[in-house]
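Peer 1:
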Amino acid sequence: MEVWPGDAYPLGATYDGHGTNFALYSEAAESVTLCLFDDEGREEQIRLHEVDGYVWHCYLPNVIPGQKYGFRVDGPYDPANGCRCNPNKLLLDPYAKAVAGEIDWDQALFGYNFGDEDSRNDEDSAAHMMLGVVVNPFFDWDGDRLPRIPYHKSVIYEAHVKGLTMLHPEVPEAERGTYAGIAHPAVIEHLQKLGVTAIELMPVHQFVNDSTLQEKGLSNYWGYNTIGFFAPHNKYSATGDAGQQVQEFKAMVRDLHRAGIEVILDVVYNHTAEGNHLGPTLSFRGIDNKSYYRLVEDDQRYYMDYTGTGNSLNVRTPHSLQLIMDSLRYWVTEMHVDGFRFDLASTLAREFYDVDRLSSFFELVQQDPVVSQVKLIAEPWDIGPGGYQVGNFPPLWTEWNGKFRDTVRDFWRGEPSTLGEFASRITGSADLYESSARRPVASINFVTAHDGFTLRDLVSYNEKHNEANGEDNNDGESHNRSWNCGVEGPTDDPTVLSLRARQQRNFIATLLLSQGVPMLLHGDELGRTQQGNNNTYAQDSELTWVNWDAMDTPLVEFTAAVNRLRAEHPTFRRRRFFDGRPVRRGEGEVLPDIVWLREDGTPMEPEDWDAQLSRSLGVFLNGQGIPGRDERGQRIVDANFLLYFNADDNTVKFTVPGKEYGPLWDRVIDTAGGYETEETVAPDSSLNVAAKSLVILRAHPEEEEDHDHSVAASLAVLAAADEAAADAAADAGGEEGDE
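First residue of the sequence shown: 1, per UniProt numbering; consecutive thereafter.
#1: Measure the alpha-carbon distance for L526 versus V556 and round it to whole angstroms.
#2: Give me the Cα-Cα distance between Q531 and P169, rounded to the nearest whole angstrom.
#3: Decide if F138 is buried, meaning its Cβ has at least 16 other Cβ atoms within 10 Å, or exposed.
#4: Mind checking whether A430 and F572 have CB atoms under 7 angstroms apart?
#5: Which stretch, first to last residue, makes up the alpha helix (DSSP H) that contains G402?
#6: Count the CB pairs spanning the stretch 219-231 and the stretch 271-282 that are closer than 8 angstroms, and state whether there are at least three.
#7: Go ahead and pull the three-state DSSP assignment for Q192.
#8: How about Y25 and V55: do their beta carbons lie closer than 7 angstroms?
#9: Within the chosen definition, does the stretch 5-23 reach the stretch 333-340 through at least 3 CB pairs nearer than 8 angstroms?
#10: Kindly indicate which three-state DSSP category F340 falls into: helix, strand or coil?
#11: Quick check on Q634: does DSSP put it in helix, strand or coil?
#12: Nearest CA to the CA of L92: which residue from R564, V73, A501?
#13: By how many angstroms is the C-alpha of P94 removed from the C-alpha of V315?
#14: Quick check: the stretch 291-298 against the stretch 251-264, are there 3 or more CB pairs under 8 angstroms?
#15: Quick check on the DSSP output: the alpha helix (DSSP H) that includes F422 runs from which residue to which?
#16: Taking only beta-carbon positions, decide if Y292 is within less than 7 angstroms of chain C.
#17: Does S312 pass the burial test, meaning 16 or more other C-beta atoms within 10 Å, or should it be called exposed?
#18: Classify L597 as buried or exposed, calling it buried when 16 or more other Cβ atoms lie within 10 Å of its own Cβ.
#19: From the DSSP secondary-structure annotation, give me the bridge partner or partners of Y133.
#20: Quick one: grab the DSSP three-state call for T544.
#21: Let's see if you can read the secondary structure: which residues bound the beta strand (DSSP E) around G82?
#22: Am I right that S614 and L419 are in contact with their C-beta atoms under 8 angstroms? What's the rounded C-beta distance?
#23: Let me confirm a value: F645 is counted as buried when at least 16 other C-beta atoms fall within 10 Å, else exposed. Which label applies?
#24: Residues in its own chain within less than 6 angstroms of residue 824 by CB, not counting five upstream and five downstream?
#25: List the endpoints of the continuous beta strand (DSSP E) containing T226.
#26: Skipping 5 residues on each side, what residues in its chain have a beta carbon closer than 8 angstroms to that of R500?
#27: Considering only residues of the same chain and omitting the five flanking positions on each side of E589, which have a CB-CB separation below 8 angstroms?
#28: Within the continuous alpha helix (DSSP H) that includes P494, where are the two ends?
#29: Just to confirm, is the Cβ distance from M519 to E158 under 7 angstroms?
#30: Taking the alpha-carbon of V135 as reference, which of Y292, G623, D305, N234 has the nearest alpha-carbon?
#31: CB-CB under 7 angstroms to D210, same chain, minus the five flanking residues each way: which ones, in chain order?
#32: Quick one: give me the first and last residue of the alpha helix (DSSP H) that E415 is part of.
#33: Quick check on K89: buried or exposed, where buried means 16 or more other Cβ atoms within 10 Å of its Cβ?
#34: Let me check you understand the geometry: is the CB of G489 closer than 6 angstroms to at least one non-hydrogen atom of the ligand HEM?
#35: Do G580 and P592 have their C-beta atoms closer together than 7 angstroms?
#36: When burial is assigned at 16 or more other CB atoms within 10 Å of the CB, is M1 buried or exposed?
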């Protein structure tokens, strides 16, 4: 094989149309060997002699896309001092753009012998390893451009590639559970019907299936176990794993963009699939253990674990940070994705021990001309000390607002003393974000997500039912803030079913009409159930796949209708926080941008918020008082709205406020009845809001006079004006004569 020196940058395997450059960073290595594999698994080894700044590299002029490869790194093996090099272990390139095959968990993959963690195992692991694949970087994007939908117009749909499409009857069987399935016209049409502007895909970076789950007959369904930060997961490809997965992923993104839908990736940079000191040697551990992982300082055999997975990526070293930033830029520039949701993002802020919002990672993101311009969403917690950081991320970031989820759940299940915080959450959580110069869109609002109950299960179960996970129901969150509406699980009781349906509508309407950015969990609009399992990370089965045949059509229509209301009215997607001034309005003064209303139609007083047993309130949203201008520079003017929330077990009679708020109101949503009616409501009238329901009134538009714009009408108006002028002149002349 002809071998040229090549370049130290870019890292990974890069095909330029003539040959391929290979580059691998390892400060720990004493020597590095590139290993090429043919389709029969035969290995050809090429010793790398060129090394610049700890980057080992070469250029192979005859290597083309589809070539499978790996590395062997020789160096010190001293676990007590954090060194775990072993040339007998074939290693996956951290920068591999595609991965072929999967591991089989053979003893050879481990650096020690089972039962003796201090021993050394020198079995060759190549036959049991996944391999990197040289990919073709060229793709016909057909003029693709990122939709760049502003946050205040965004509606996010969290989805699993396989779970969303595996049972879809219109998706061809060969494409179900794949990137091609996500791009199928039937799936895209459903997203458009809902008004979704962005699909947030659960992990699609190449991940590893856990051996402990496989032994139980389960699998790592969610995919939070990354091994390749540049490679789309090969099992989600309908066309193959020898680089075809890259082309298929790009085609999916292109088709979603054509439909006006952004693609956001759920990314897991906080840890890798190699686990703790007892895990396999697959990539980073054997390449440069100390550079890539946070190790316990007193005994570097062990790993710092802020994630509950066995290890944490070392965000204090330049090359780990480079890996993360190179990966992010690659997915934006080469794969055309529109943003990222960072799993356990607090771990990335642990430059030293505590969470630090000014850590190197956030500084790099802030100044990066590519990454800083896409959507950046933090899951603002991890399991380490001080890990819950909702509201504390830098201004460039938005956050999954766990407090919105908890408060909205508590309110609708009737918990006492929730009015004040409920009001704060549905108006954008200014208490969390305003002090850091952020706006309401910093809050990614959600009621349900992949981790926890589905929406239907939230109103059907008081307790988790995770027996299928094989952990005696000890896994998963026990405090779910759920309410089963009187019966645990499935029932035929029409009263209970009616209440559950109403509660689902309450949650969806509250989510979509709150200030901030709403995120809907896939299948919630269809009435999807997981039979009370709130931790389905290991359930790759019909338990977790969306059952399209069991679609709750009325709930789909309701969701679409509420989202249309949101899209049509900027009142529900303000770009700035409410100020509520004047707090005490004098007679004739302009109405505030928001007014909280008591049952008698008068503004709430401070003491009203402390009423422990109060579970209902009204709110006036002033569509005339929206600050700022629209995309055309025009002042934003919208209809006024009245929202009435009643989480009480009984009907509440509200008094509609007086004419200064609106001369007449249309009832546009009533979760206890239809989502849209023709009924009008007069000021100062009584409005009955049923138990556990939400009513939304929109100011009735004033009817304009029907003007005749014909030529004849115009001439008639002109003639009348001339006659009036002549009469006025005659009258004036007569008055002068009298004088």
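Backbone N, C-alpha and C fix where the C-beta goes; we use that ideal spot for every residue, glycine too.
The structure presented is a predicted model; accordingly, all values stated were derived computationally and were not measured.
Peer 2: Taking the structure as given:
#1: Counted from its first residue, the sequence shown places residue 526 at position 526. Counted from its first residue, the sequence shown places residue 556 at position 556. Answer to the nearest angstrom: the Cα atoms are 6 angstroms apart.
#2: Stepping through the sequence shown from its first residue, residue 531 is reached at position 531. Stepping through the sequence shown from its first residue, residue 169 is reached at position 169. So the two alpha carbons sit approximately 22 angstroms from each other.
#3: The count along the sequence shown starts at 1 and reaches residue 138 at position 138. Looking at its Cβ environment, which holds fewer than 16 other Cβ atoms inside 10 Å, F138 is exposed.
#4: For this step, residue 430 is matched to residue 430 along the sequence shown. For this step, residue 572 is matched to residue 572 along the sequence shown. It is not a contact, given that the beta carbons lie outside the stated cut-off.
#5: Looking up residue 402 in the sequence shown gives position 402. Here the alpha helix (DSSP H) through G402 covers 402-412.
#6: yes
#7: Residue 192 sits at position 192 when you count from the first residue of the sequence shown. If DSSP states are grouped into helix, strand and coil, Q192 belongs with the helices.
#8: In the sequence shown, residue 25 corresponds to position 25, counting from 1. In the sequence shown, residue 55 corresponds to position 55, counting from 1. It is a contact, given that the beta carbons lie within the stated cut-off.
#9: Put simply, the stretch 5-23 does not touch the stretch 333-340. Fewer than three CB pairs are less than 8 angstroms apart.
#10: Position 340 of the sequence shown, counted from the start, is the residue given in the question as residue 340. Reduced to three states, the DSSP call for F340 is strand.
#11: Counting from one through the sequence shown, the residue named residue 634 turns up at place 634. Coil at Q634, not helix or strand.
#12: Your numbering for residue 92 matches position 92 in the sequence shown. Of the candidates R564, V73, A501, the one whose C-alpha sits nearest the C-alpha of L92 is V73.
#13: Residue mapping note: residue 315 aligns to position 315 of the sequence shown, counting from 1. Residue mapping note: residue 94 aligns to position 94 of the sequence shown, counting from 1. When rounded, the distance between both Cα atoms is 15 angstroms.
#14: no
#15: Taking the first residue of the sequence shown as 1, we reach residue 422 at position 422. Annotation for F422: the continuous alpha helix (DSSP H) segment containing it runs 419-426.
#16: Among the chains in the structure shown there is no chain C, since it carries only a single protein chain.
#17: What you label residue 312 is simply residue 312 of the sequence shown in a count that begins at 1. Burial call: buried.
#18: Residue mapping note: residue 597 aligns to position 597 of the sequence shown, counting from 1. Answer is buried; the Cβ neighbour count reaches 16.
#19: For this step, residue 133 is matched to residue 133 along the sequence shown. The sequence given here places Val at residue 133; Tyr does not occur at that position. In DSSP, V133 forms a bridge with K68.
#20: Locating residue 544 in the sequence shown gives position 544, where the first residue counts as 1. Coil at T544, not helix or strand.
#21: Numbered from its first residue, the sequence shown carries residue 82 at position 82. First-last for G82: undefined, no H or E at that position.
#22: The residue given as residue 614 occupies position 614 in the sequence shown. The residue given as residue 419 occupies position 419 in the sequence shown. 6 angstroms between Cβ atoms; contact.
#23: Start at 1 with the first residue of the sequence shown, and residue 645 comes out as number 645. Flag for F645 reads buried.
#24: Limits of the chain in this structure are 1 at one end and 739 at the other, which puts residue 824 out of reach.
#25: Here residue 226 corresponds to residue number 226 of the sequence shown, with the count starting at 1. Here the beta strand (DSSP E) through T226 covers 226-232.
#26: Position 500 of the sequence shown, counted from the start, is the residue given in the question as residue 500. The answer, listed in chain order, is R456, V459, S460, C485.
#27: Here residue 589 is taken as the residue at index 589 of the sequence shown, counted from 1. Within the same chain, E589 has close Cβ partners P582.
#28: What you label residue 494 is simply residue 494 of the sequence shown in a count that begins at 1. That run of the alpha helix (DSSP H) goes 494-513.
#29: As a first step, residue 519 is located in the sequence shown; it is residue number 519 there, counting from the start. As a first step, residue 158 is located in the sequence shown; it is residue number 158 there, counting from the start. Going by C-beta atoms, M519 is nearer than 7 angstroms to E158.
#30: By one-based count along the sequence shown, residue 135 stands at place 135. Measuring from the Cα of V135, the nearest candidate turns out to be N234.
#31: As a first step, residue 210 must be located in the sequence shown, where it is residue number 210. Answer for D210: N220, N225, listed in chain order.
#32: On the sequence shown, position 415 is the one that residue 415 refers to. First-last for E415: undefined, no H or E at that position.
#33: Locating residue 89 in the sequence shown gives position 89, counting from the first residue. Burial call: buried.
#34: In the structure on display, the ligand HEM does not appear, and there are no ligands present to speak of.
#35: Stepping through the sequence shown from its first residue, residue 580 is reached at position 580. Stepping through the sequence shown from its first residue, residue 592 is reached at position 592. Yes, the Cβ-Cβ distance between G580 and P592 is below 7 angstroms.
#36: By one-based count along the sequence shown, residue 1 stands at place 1. It counts as exposed.
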